[in-house]
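Data block below; observations after.
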Amino acid sequence: MKSEEKLNEALRAALKRKFDDFEETPNPASFNIIRAHIKQPRNYKFLFLSLLLIGLVGTGLFFNQYLGENAGPQVAGRKDHISLTKSELKARVAPEVVTLKNEEKTKPEISRRDADLNIPRQTFKNRNKHQDVQSKLLAQAIESNLPAQVLRSNRKENLFQEADHNLSPQILIAENNAEEIRQPAPATTLAIQVSKLESEQMKSTAMNLPGVAVPEKDSPYYKQKNPSKVSWLVNAAVLKSYQILTVPKSSGQDFQNFKFPSVFSLESVGYKFSVGLEKKGFQALLHYSTFRLKFSYEIAGNEYIVQNEGQSYTIVRPGTVVTENNKMDLLGIGLSKQVLWGNSPFRKYYASAGLEYSRAIQSKSHIGWINASIGRQFAVNRNVLIHVGPYAEFSPLKMSGANNPFLYQPYRVGISLGMKLIRP
Amino acid sequence: MKFFTSNKYKSLTQLVGACQKRDQAAQTVFYDRYKNKMTGICLRYAKTRAEADDIFQEAFIRIFNHIDDLKEPEAADSWVKTIVIRTAINYYHRTTKSETLHSSLDNTEMQLDSGDYEKLMDQLNVEDLLGLINELPDKYRTVINMHLIDGYTHVEIGEMMSLSDATVRSQFMRGRNMLLKKLELKGIVHHEI
Chain W
1 MKSEEKLNEA LRAALKRKFD DFEETPNPAS FNIIRAHIKQ PRNYKFLFLS
51 LLLIGLVGTG LFFNQYLGEN AGPQVAGRKD HISLTKSELK ARVAPEVVTL
101 KNEEKTKPEI SRRDADLNIP RQTFKNRNKH QDVQSKLLAQ AIESNLPAQV
151 LRSNRKENLF QEADHNLSPQ ILIAENNAEE IRQPAPATTL AIQVSKLESE
201 QMKSTAMNLP GVAVPEKDSP YYKQKNPSKV SWLVNAAVLK SYQILTVPKS
251 SGQDFQNFKF PSVFSLESVG YKFSVGLEKK GFQALLHYST FRLKFSYEIA
301 GNEYIVQNEG QSYTIVRPGT VVTENNKMDL LGIGLSKQVL WGNSPFRKYY
351 ASAGLEYSRA IQSKSHIGWI NASIGRQFAV NRNVLIHVGP YAEFSPLKMS
401 GANNPFLYQP YRVGISLGMK LIRP
Chain A
1 MKFFTSNKYK SLTQLVGACQ KRDQAAQTVF YDRYKNKMTG ICLRYAKTRA
51 EADDIFQEAF IRIFNHIDDL KEPEAADSWV KTIVIRTAIN YYHRTTKSET
101 LHSSLDNTEM QLDSGDYEKL MDQLNVEDLL GLINELPDKY RTVINMHLID
151 GYTHVEIGEM MSLSDATVRS QFMRGRNMLL KKLELKGIVH HEI
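Sequence order for the protein chains is W and A. Residues 1 to 424 in the UniProt record's numbering are what the first sequence lists, from first letter to last. Residues 1 to 193 in the UniProt record's numbering are what the second sequence lists, from first letter to last.
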């Protein structure tokens, strides 16, 4: 038994000496296989950034669509109209005063005009307290023989205010006039030339119905009131990735039979989405893109096989096949300059060039790009321009891989489609 | 500028922490740290190079997928090694249905002195010795590796392989004797030293 133990100890000592520092290089393809089977990272950062991007785009579109329109020419035109009508009306109403003589004349007039008011019934549904008070005042006024125009204008103003603040200008004026009249004089002595006011009002209302746009006569492209204003940009591009691969001599291994995806293969197609701002042709953009590089190669072995091919012989050196399939999600910031040229009021040519710095979302890899694009820009309307054209970018520096000794110089080529939203 | 590359991690704890966050760059560094050593272990436990590759890949998939279970990052070295050995045990437990043990060699009476075998092994290069170990039946090879090289006790081996103490001892003795016989058959005997 003792000799057995001694033998075991001797064996243990000998084997440990031999194998304690025993190391061997694993199969080069192993890491890719392992990577393909391990759990994906919990990409909350990606989710957050995606939501941020969507939020930015959504907010931009919202502001452009609604605030831009509200502050636009329609509003300006309406204000002009109001001031004109107001002055006209003041001039006309002041000297011409009609005295209302009895209640019988006033009441039918009120009911007829109320019927004439083409106010959507839905607007009555959401009355607030203020409106209820106004209704009560209206009833009291009718009872106390207030002039018809004063009552109706007062009521109408509130209804429109409830609907969408698109106040009919003549209602406002009538209200103002009514206020002036109501304050100094008792109701029974107030007088307005109703017929004149009525004709003015109906004519003006027809011209200022809410939601009816004035036909655009100007060229949409050139009539930007302030081209130096900040515009919103949204771009999407489909890009195919290529690479210039450098195999250093001092790698200690022989590499052979490199295979890359064909020129039109979808294996290395990625996408790029950008959103940003433009002012005076300078564009600041936030980029999100997927970047794929795929190729395979063989690590040459030490055996040489001579193959007989008819009358000739070929020496083949078998190797271990390694497939590289690198996919990255990149988030980047970029700055570029765009220039436009062309004579058409609706279509122009554009060219842009810029720099971009991107960082991988899953890892801490980073990459720099120089990009350029050229194409055509079309005006959809005064506020929206669409541009489409080829897009290319390349990395000016060679970068080393993690699992192999190669140096990469990636470049991407594709088609870009974008939209520019201009605040009027 | 580096591409698909990683940052430097100041400590093993930091590296494990990054791997637990599924940082791909950290996983690459982690893999590079252990890949050669663990390949050596897999080659000892496997019968062929191809099987060693399978065990190695399976083990690292388990390591990366279960690295959250590693509560003491400073013990990562022994944790990784244990995972690899357990994967090798499972691999042969799964693939080996019934094994024909070479009974003719089992009971061979050993005549050599312990010191002779120590010297004999020193004479062999690692590849030859590895070849002899690889030729052992799966169970014997596993027990020999675990007890003589990796330092597990019979009790620990029994727990890991779901075998009784006695069975482990028996398999170890048979495996050891078979290994010694193979050394003799290799033609290296004590009087040649």
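Note that the Cβ used here is the ideal one computed from N, Cα and C, for glycine as well.
Partners in chain A for residue i, counting only beta-carbon separations shorter than 7 Å
{"i": "Phe22/W", "result": "Gly40, Val126"}
Collapsed DSSP secondary structure at residue i in the structure displayed
{"i": "Lys6/W", "result": "helix"}
{"i": "His66/A", "result": "coil"}
{"i": "Val247/W", "result": "coil"}
{"i": "Gln27/A", "result": "helix"}
{"i": "Glu23/W", "result": "coil"}
{"i": "Tyr411/W", "result": "strand"}
{"i": "Ser363/W", "result": "coil"}
{"i": "Pro396/W", "result": "coil"}
{"i": "Asn371/W", "result": "strand"}
{"i": "Glu267/W", "result": "coil"}
{"i": "Gly276/W", "result": "strand"}
{"i": "Gly389/W", "result": "strand"}
{"i": "Leu124/A", "result": "coil"}
{"i": "Lys240/W", "result": "strand"}
{"i": "Tyr9/A", "result": "coil"}
{"i": "Val230/W", "result": "coil"}
{"i": "Ile422/W", "result": "strand"}
{"i": "Val384/W", "result": "strand"}
{"i": "Arg22/A", "result": "coil"}
{"i": "Leu163/A", "result": "coil"}
{"i": "Phe255/W", "result": "strand"}
Exposure of residue i, with buried meaning 16 or more beta-carbon neighbours within 10 Å
{"i": "Pro345/W", "result": "exposed"}
{"i": "Glu72/A", "result": "exposed"}
{"i": "Glu9/W", "result": "exposed"}
{"i": "Ile83/A", "result": "buried"}
{"i": "Leu197/W", "result": "At Leu197/W, the pLDDT of 49 sits below 50, so the modelled position is not reliable; the number obtained from the coordinates is stated separately. Under this definition Leu197/W is a buried residue."}
{"i": "Trp341/W", "result": "exposed"}
{"i": "Pro26/W", "result": "buried"}
{"i": "Tyr304/W", "result": "exposed"}
{"i": "Asp54/A", "result": "buried"}
{"i": "His66/A", "result": "exposed"}
{"i": "Ala14/W", "result": "buried"}
{"i": "Asn302/W", "result": "exposed"}
{"i": "Ala50/A", "result": "exposed"}
Cutoff 8 Å: residue i Cβ touching any chain A Cβ
{"i": "Ser344/W", "result": "no"}
{"i": "His37/W", "result": "yes"}
{"i": "Asn302/W", "result": "no"}
{"i": "Pro248/W", "result": "no"}
{"i": "Lys16/W", "result": "yes"}
{"i": "Arg12/W", "result": "yes"}
{"i": "Phe19/W", "result": "yes"}
Cross-chain neighbours of residue i in chain W, by beta carbon under 7 Å
{"i": "Gln57/A", "result": "Ser30, Ile33, Ile34"}
{"i": "Phe60/A", "result": "Ile34"}
{"i": "Tyr31/A", "result": "Phe31"}
{"i": "Leu148/A", "result": "Leu11, Arg12, Leu15"}
{"i": "residue 195/A", "result": "In the structure as shown, chain A starts at 1 and stops at 193, and residue 195/A therefore has no counterpart that could be examined."}
Residue-level contact to chain W via CB, residue i, 8 Å cutoff
{"i": "Tyr91/A", "result": "no"}
{"i": "Asn65/A", "result": "yes"}
{"i": "Asp165/A", "result": "no"}
{"i": "Leu132/A", "result": "no"}
{"i": "residue 201/A", "result": "Beyond the ends of chain A as shown, which are 1 and 193, falls residue 201/A; an answer cannot be given."}
{"i": "Arg44/A", "result": "yes"}
{"i": "Leu129/A", "result": "yes"}
{"i": "Thr5/A", "result": "Because the pLDDT of Thr5/A is 42, which lies under 50, any placement of that residue in the model is unreliable, and the question is left without a value."}
{"i": "Glu184/A", "result": "no"}
Contact set between residue i and chain D, taken where Cβ atoms lie within less than 9 Å
{"i": "Lys259/W", "result": "In summary, chain D is missing from the structure at hand, where the protein chains are W and A."}
Partner residues on chain A for residue i, Cβ-Cβ distance less than 9 Å
{"i": "Thr290/W", "result": "Chain A residues near Thr290/W: none, gap ~15 Å exceeds 9 Å."}
{"i": "Phe255/W", "result": "Going along chain A, no residue has its Cβ under 9 Å from Phe255/W, so there is no contact; the nearest lies around 17 Å."}
Contact set between residue i and chain W, taken where Cβ atoms lie within less than 8 Å
{"i": "Asp53/A", "result": "Pro26, Asn27, Ser30"}
_I'd like the ranges of any beta strand (DSSP E) spanning at least 3 consecutive residues and lying wholly in the region 279 to 350 of chain W._
282 to 300, 305 to 309, 312 to 316, 319 to 341
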